[in-house]
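Take 102 as the starting number for the sequence shown in my numbering and just add one per residue.
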Amino acid sequence: MSVSVSLPALGESVTEGTVTRWLKAVGDEVAEDEPLLEVSTDKVDTEIPSPVAGVLLKIAVAEDETAEVGAELAVIGAAGAAPAAAAPALPPVTPAPAAPAAVSPADDGAYVTPLVRKLASESGVDLSTVQGTGVGGRIRKQDVIATAEAAKTATPATAAPAAAAPKASVLGSPPLRGRTVKLPRIRKAIADNMHMALHEQAQLSSVIEVDSTKLMKLRAKAGDSFAAREGVKLTPMPFFVKAAVRALKAHPVINAHLNHDESTITYFDSEDVGIAVDSGKGLMTPVIKGAGDLDIAGIAKRTAELANKVRTNKIAPDYLAGATFTISNTGSRGALFDTVIVPPSQVAILGIGATVKRPVVVSDPELGDTIAVRDMTYVTLSYDHRLVDGADAARYLTTVKQILEACEFTAELGL
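Rendered as structure tokens:
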């Protein structure tokens with residue numbers, strides 16, 4: 102008996118997907134829930150598992166072809182069944198000669214695609230030393246590239262000082278340098294959305310400076326107990342998200358949508374915050390639903406959970422839609438501040454810069470103006486000037502600043 106594998110619903114707004122890569126060839130045996138292929142949509146890339154164990158008899162949609170939700174992708178038959186003669190299968194895979202020990206597959210028997218084997222062989226990478234980031238720990242192309250690049254940048258312990266490479270070479274040679282590659286679908290989706298946002302909106306940015314000294318001290322004090330109690334690390338991000346959503350409640354014009362064609366404005370009654378996550382495939386923005394109703398611990402756990410799902414390719418499309426406001430923490434990569442782009446359907450986005458120690462003038466009621474070393478953070482609000490005025494942006498940023506500098510979070514942290 103054969104079983105048809107169809108393209109599942111990948112989100113309420115997703116109607117089709119493009120097959121980016123088959124992980125199995127016609128005639129290969131597959132286990133139940135073993136990844137069969139990778140599919141890309143305008144929201145997310147995902148792996149489609151086999152619903153049953155058996156043999157891949159037919160591939161109905163070739164790589165780079167698009168199928169609608171519900172369309173047949175493949176057919177799985179019982180072990181020993183003959184593949185369909187007319188199946189539009191992938192080009193036949195010629196058995197490769199035995200690979201040398203330096204590039205043997207992982208000892209645990211995990212499935213490795215021919216493409217990954219070839220790339221590992223060409224790069225001199227031992228697959229048994231590679232930590233897979235795919236579903237079930239499967240080794241992906243990106244894992245091999247990362248391992249190869251790490252090996253290039255490592256300095257041999259036996260190398261003489263005179264033979265050391267110039268300091269600039271420590272950066273290595275990125276694998277994309279000097280190449281022309283096909284534009285990934287996720288990169289195209291990002292490009293289209295950003296172009297549409299800039300084309301349709303009148304975007305402007307305002308910046309304010311926050312003294313984060315009290316916040317950083319509170320975080321250091323509560324960090325260990327918080328991690329033991331909640332199971333996640335306490336980073337500065339939940340504090341900024343908490344301040345942002347509290348300020349949204351006080352300034353609803355920032356948490357809104359302009360229906361330009363209808364000449365109406367929708368003011369949202371919940372704070373659904375998109376969190377920009379830097380993934381290996383590109384920027385993705387999972388959404389913390391109802392962030393305005395969560396405490397610091399709830400925000401921290403939800404942020405960590407969503408970021409992990411993005412980076413392990415397990416995020417569902419529905420978690421990438423519906424944001425009413427977005428926060429981008431480019432400071433985590435060292436940027437002081439950004440003129441972040443407002444996403445389509447929103448009117449504002451908050452950018453969090455790096456927190457740095459530097460001398461600033463502090464006004465003390467007894468000592469007067471003094472110079473002290475403080476933790477300082479730039480916070481940027483980019484907004485759609487069609488709806489949000491500069492004064493609105495300044496009022497919102499001032500509220501965020503006041504909440505963060507007051508740092509009244511001790512009760513939420515159990516202190």
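Note that beta-carbon positions come from the ideal geometry of N, C-alpha and C, so glycine has one too.
- Between the alpha carbons of residue 377 and residue 468 lies a gap of roughly 42 Å.
- Closest in alpha carbon position to residue 321, among 340, 365, 396, is 340.
- Here residue 358 is bridged, per DSSP, to 367.
- Judged by DSSP in its simplified three-state form, residue 394 adopts helix.
- DSSP places residue 320 in no beta strand (DSSP E) but in the uninterrupted alpha helix (DSSP H) bounded by 314-331.
- For residue 464, same chain residues with a beta-carbon under 6 Å away, outside a window of 5 residues either side, are 470 in chain order.
- If you draw a straight line from the Cα of residue 165 to the Cα of residue 122, it is about 8 Å long.
- Taking each of 319, 175, 138, 147 in turn and checking the Cα distance to residue 104, the smallest one comes out for 175.
- Exclusion of the five residues before and after residue 178 leaves 103, 155, 156, 158 as the residues of its chain whose Cβ lies within less than 7 Å of its Cβ.
- Residue 450 counts as buried, since no fewer than 16 other beta carbons sit within 10 angstroms of its beta carbon.
- With 16 or more other Cβ atoms from the protein chains shown falling within 10 Å of its own Cβ, residue 454 counts as buried.
- Going by DSSP, residue 506 is part of no beta strand (DSSP E) but of the alpha helix (DSSP H) stretching over 491-507.
- Only exposed fits residue 284, as fewer than 16 other CB atoms lie within 10 angstroms of its CB.
- Boundaries of the alpha helix (DSSP H) around residue 347: 338-351.
- Residue 152 and residue 133 have their C-alpha atoms roughly 6 Å apart.
- For the pair residue 317 and residue 475, the Cα-to-Cα distance works out to about 10 Å.
- C-alpha of residue 510 to C-alpha of residue 432: approximately 22 Å in a straight line.
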